[in-house]
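Numbering (the numbering used here), first residue to last: 65 to 623. First up is the structure itself, then whatever we jot down about it.
Here it is in structure tokens:
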């Protein structure tokens, strides 16, 4: 089965054939390592990115669920307090006319619900009673005939009695005109007020209100509890969202309710603190998130289900999850959780850098190991090569010593055995050649041996004596002139078409007796036999030419 084309195989053989063996062994090894490390690194990075997306999605989902549960629990407390107080009135446990006991009840109740800033009631006759949490402790809040219907704050003793008045409003206070009272009276069920800025704490707050009816369905007043969003803000700030992730809650109008960062919901304008829209926040993450959501959905009012999205802030990718939050009393907010991709990719990038460093170290180590291994493999091959060259130069005492028991060790043993056999064969060949030379030198007939190009490479002593000279370096066409070989009885060089050497080159065996050699003015007639000699593959290897001096009788006869 041919994997590569013949042209490619020839090209590879041509290129690799000129490359040192050590390079051939090391470079492909390093290329494989680089390729493997590169592929593994790329796959690791891709898997890391997928893992980042999955982890970021899970994190946003979990954090959103925690925030939703926290807000749901937190926002249920004011209505629970109101429900307890309304039920207390219905069951006769609370008397709206007994101001001292009512105020004492509120003082005790507010201590158990630390997320509530004020618990109070407004009556149909315009009176107000309650307990308020301040920086200086819990105070009684009241507006009735004893305060000239102005809103006053009192310290209280352990029995809940008023002690000292610490604050009083300049104008009269009528709870029946307040938005929370009007809304509860109109709805005839528990309601939420609009979000507003608390006068004392300057924090955002909201009022939960519930109407109080008697057995005949007559409105007696409204029970109310104020809740500060500072506790929600503290909760959001305490959530760890990656490294720099943020979260915030806003109304459908875009007005911020609470954020995980400091001072984002309100801004001071003149004497009043104004609420800030998320799209106008100084925080770039909050601002760009709100703008992106408004643009993506067309309006924040169109967000009806939880969804995970991704967008860029200052060229950096951010993951966002926006989730609606609603209750059956009118709340309709949006919870947003934003996590920068860099929070997760920082570790991935660090791991990538570590992987690259380890890969480089592994590559260097592999390169060093490959070079050492290649040397370990190539060194004995070099020794074999040097020993083979020494044998080629007839250095028969060359021995290959490799202290190894592997294939190269076996190669050394085989090489030494081969060297010994070659030495024996060469010695035998030399002895045989000497015997042949002695035999040829002893023959009284001239012997002339030429190679396949017609160049002579052996002439025995008898031949040298007849020709008058030994081996001459001349072309085949010039041999007859160099050796002064003529056609007997003429002045012409012996014809080429009848020349025994040229005929033997063409694979013909010939015998002639009309050739003479002229030497120092004398003519020596010759009888010549020429024949080709073939190797075992029947390829012409040499020409063997015999010649002897003709008897004088033959010479006289021919003359």
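C-beta atoms are modelled at their ideal positions from N, C-alpha and C, and glycine is treated no differently.
{"Item": "Close beta carbons around residue 227, own chain, < 8 Å, minus the five adjacent residues each side", "Value": "218, 219, 220, 221"}
{"Item": "Sequence ranges, alpha helix (DSSP H) only - wholly within the stretch 140-209, length at least 4", "Value": "163-176"}
{"Item": "Helix, strand or coil at residue 361 according to DSSP, with G and I counted as helix", "Value": "helix"}
{"Item": "Outcome for residue 603 when other beta-carbon atoms lying within 10 angstroms are tallied against a minimum of 16", "Value": "exposed"}
{"Item": "Cβ-based neighbour list, residue 390, same chain, cut-off 8 Å, excluding 5 preceding and 5 following", "Value": "396, 397"}
{"Item": "Residue 530 (DSSP reduced to helix, strand or coil)", "Value": "helix"}
{"Item": "For residue 432 and residue 421, the rounded distance between their alpha carbons", "Value": "16 Å"}
{"Item": "Per-residue DSSP class, three states only, for residue 334", "Value": "Because residue 334 carries a pLDDT of 46, less than 50, the predicted location of this residue cannot be relied on, and the following value inherits that uncertainty. Looking at residue 334 - three-state DSSP - the assignment turns out to be coil, as it is neither helix nor strand."}
{"Item": "Counted within 10 angstroms of its Cβ, other Cβ atoms place residue 24 as buried (16 or more) or exposed", "Value": "Beyond the ends of the chain as shown, which are 65 and 623, falls residue 24; an answer cannot be given."}
{"Item": "Residue interval of the beta strand (DSSP E) (run including residue 380)", "Value": "380-390"}
{"Item": "Endpoints, the beta strand (DSSP E) within which residue 302 is located", "Value": "Premise fails: residue 302 lies in the alpha helix (DSSP H), 294-302, not in any beta strand (DSSP E)."}
{"Item": "Extent of the continuous beta strand (DSSP E) to which residue 245 belongs", "Value": "Looking at the DSSP string, residue 245 is not in any beta strand (DSSP E); the run it does join, the alpha helix (DSSP H), is 243-251."}
{"Item": "For residue 281, three-class secondary structure by DSSP", "Value": "coil"}
{"Item": "Cα-Cα separation, residue 334 to residue 148", "Value": "Unreliable positioning characterises residue 334 in this predicted model, as indicated by a pLDDT of 46, which lies under 50. The coordinate reading is nonetheless provided below. Answer to the nearest angstrom: the Cα atoms are 40 Å apart."}
{"Item": "Touch test, the stretch 152-162 against the stretch 199-209, Cβ-Cβ under 8 Å, three pairs minimum", "Value": "no"}
{"Item": "Closest residue to residue 214 among 196, 199, 190, 300 (Cα-Cα distance)", "Value": "190"}
{"Item": "Backbone CA spacing between residue 434 and residue 94 [nearest angstrom]", "Value": "8 Å"}
{"Item": "Where the alpha helix (DSSP H) containing residue 543 begins and where it ends", "Value": "543-546"}
{"Item": "Backbone CA spacing between residue 356 and residue 407 [nearest angstrom]", "Value": "21 Å"}
{"Item": "Residue 312 burial status per 10 Å Cβ neighbour count (16 or more: buried)", "Value": "buried"}
{"Item": "Where the beta strand (DSSP E) containing residue 589 begins and where it ends", "Value": "586-598"}
{"Item": "Residue 457 classed as buried or exposed, judged by whether at least 16 other C-beta atoms fall within 10 angstroms", "Value": "exposed"}
{"Item": "Candidates 370, 371, 343, 259, of which the one nearest residue 358 by Cα", "Value": "343"}
{"Item": "Residue burial classification, residue 329 (beta-carbon count within 10 angstroms, cutoff 16)", "Value": "buried"}
{"Item": "Straight-line gap, residue 327 to residue 97 (C-alpha atoms, nearest Å)", "Value": "55 Å"}
{"Item": "Distance, residue 512 Cα to residue 527 Cα", "Value": "7 Å"}
{"Item": "Beta-carbon spacing of residue 141, residue 170 below 7 Å", "Value": "no"}
{"Item": "Residue 342 (DSSP reduced to helix, strand or coil)", "Value": "helix"}
{"Item": "Beta-carbon separation (whole angstroms), residue 265 vs residue 292, contact threshold 8 Å", "Value": "6 Å"}
{"Item": "C-alpha distance - residue 290 paired with residue 174, whole-angstrom precision", "Value": "11 Å"}
{"Item": "Closest Cα partner of residue 524 within the set 242, 508, 518, 516", "Value": "508"}
{"Item": "Sub-7 Å separation of residue 283 and residue 188 beta-carbons", "Value": "yes"}
{"Item": "Straight-line gap, residue 121 to residue 383 (C-alpha atoms, nearest Å)", "Value": "8 Å"}
{"Item": "Proximity test, residue 232 beta-carbon vs the ligand HEM heavy atom, cut-off 6 Å", "Value": "For the structure depicted, the ligand HEM is absent and the ligand set is empty, with no information on it obtainable."}
{"Item": "Exposed unless 16 or more other CB atoms sit within 10 angstroms - verdict on residue 276", "Value": "buried"}
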